[in-house]
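**Student:** Be aware that the sequence shown starts at 1, since it is given in the UniProt record's numbering, and climbs by one per residue. Glycine included, every Cβ here is placed at the ideal spot set by N, Cα and C. Only a predicted model underlies this, so the values are computations on that prediction, with no experimental measurement involved. Quick one: the structure is below, questions incoming.
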Amino acid sequence: MDTAPLVRWLPVEKPESLKPKSTEPRLTVELVPQTCWYSNVRSEVSTGEWDKLKRVTFERANYRCEVCSGRGLKHPVECHEIWDYDDERHIQTLTGLIALCPACHECKHMGFANIKGRGELATDHLAKVNGWTIHQAKTYVRECFQVWQERSQHEWDLDITYLEQFEISSHSSSPRRGDRPGN
Ligand SMILES: [Zn+2]
């Protein structure tokens, strides 16, 4: 049975089922909990180190989007931080840095796209990349916001040991507000 039309009446999912499902779509929405907005890679490393991380990520991907293989017009790709959220211990762990075209990156932070009045464009792109109807894309986005709402009720500890492989020192600058795409 297709539960999509009923989703708004379904109970909010329990933490153990907040984990990504095995059949993840090609392009996922990754909403950063509101309580994590100002703790991220960019707030933990210097500008020079962030530039190095971006360059390594972009070169590895040959300046192409790692989801759709596309490139942006103004700039080809942007660096996206992939986080894992431990919903029991409330630890957000950096698990990867990937190159994304601006259109795919915008989908990752759908809340920010909405604020900029670009939610519809982003939803169109999400549907196109995943081979979905607009209705399917909207249903998926709604589910992502339900998870986001639950996660935004908690404080999260940051684990960026992933960066150790890049041989840069963390905590070398204080958090800078407002210089991230946001959620
Ligand atoms: Zn893309």
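1) Is any non-hydrogen atom of ligand 1 found closer than 7 Å to the C-beta of Ala103, if you look at the structure I gave you?
2) For ligand 1, I want to know if Gly70 counts as a neighbour, meaning its beta carbon is within less than 7 Å of at least one of the ligand's heavy atoms.
3) Return yes when the C-beta of Val67 is under 7 Å from any heavy atom of ligand 1, and no when it is not.
4) Mapping DSSP to helix, strand and coil, what is Leu31?
5) Helix, strand or coil: how does DSSP classify Ile82 here?
6) Report all residues from its chain with a CB closer than 6 Å to the CB of Ala103; omit the five preceding and five following residues, and keep chain order.
7) Taking the alpha helix (DSSP H) that Ile115 belongs to, which residues open and close that run?
8) For the beta strand (DSSP E) holding Leu94, just list the boundary residues, first then last.
9) Any heavy atom of ligand 1 inside 7 Å of the beta-carbon of Leu126?
10) Contact defined as beta carbons within less than 8 Å: I believe Thr95 pairs with Asp84. What is the distance between those atoms, to the nearest angstrom?
11) Classify Gln92 as buried or exposed, calling it buried when 16 or more other Cβ atoms lie within 10 Å of its own Cβ.
12) Determine the direct distance from the alpha carbon of Ile82 to that of Gln153, and round the result to whole angstroms.
13) From which residue to which residue does the alpha helix (DSSP H) around Leu121 run?
14) Among the candidates Tyr63, Cys68 and His80, whose CA atom is the shortest distance from the CA of Lys74?
15) Using the C-alpha atoms, what's the distance from His105 back to Ile98?
16) Go ahead and pull the three-state DSSP assignment for Leu158.
**Tutor:** Taking the structure as given:
1) Placement of the Cβ of Ala103 at a distance of less than 7 Å from at least one heavy atom of ligand 1 is found.
2) Yes; taking the cut-off as 7 Å, the Cβ of Gly70 has a heavy atom of ligand 1 nearer than that.
3) Within the cutoff, so yes.
4) Look at Leu31 here: in three-state DSSP terms it is coil, with no helix or strand label.
5) Note: Ile82 maps to strand in three-state DSSP.
6) For Ala103, where only same-chain residues beyond five positions count, the Cβ hits under 6 Å are His125.
7) Its alpha helix (DSSP H) spans residues Met110 to Ile115.
8) Note, Leu94: beta strand (DSSP E), Ile91 to Leu100.
9) Checking the Cβ of Leu126 against ligand 1 gives no.
10) For a cut-off of 8 Å, the C-beta gap from Thr95 to Asp84 is around 5 Å, short enough to register as a contact.
11) Burial is judged here by how many other beta carbons sit within 10 angstroms of a residue's own beta carbon; Gln92 has at least 16 and is buried.
12) For Gln153 and Ile82, the distance between alpha carbons rounds to 20 Å.
13) Membership of Leu121 in the alpha helix (DSSP H) is indicated by the continuous run Gly119 to Asn130.
14) Closest by alpha carbon: Tyr63.
15) When rounded, the distance between both Cα atoms is 10 Å.
16) Of the three classes helix, strand and coil, the one that applies to Leu158 here is strand, per DSSP.
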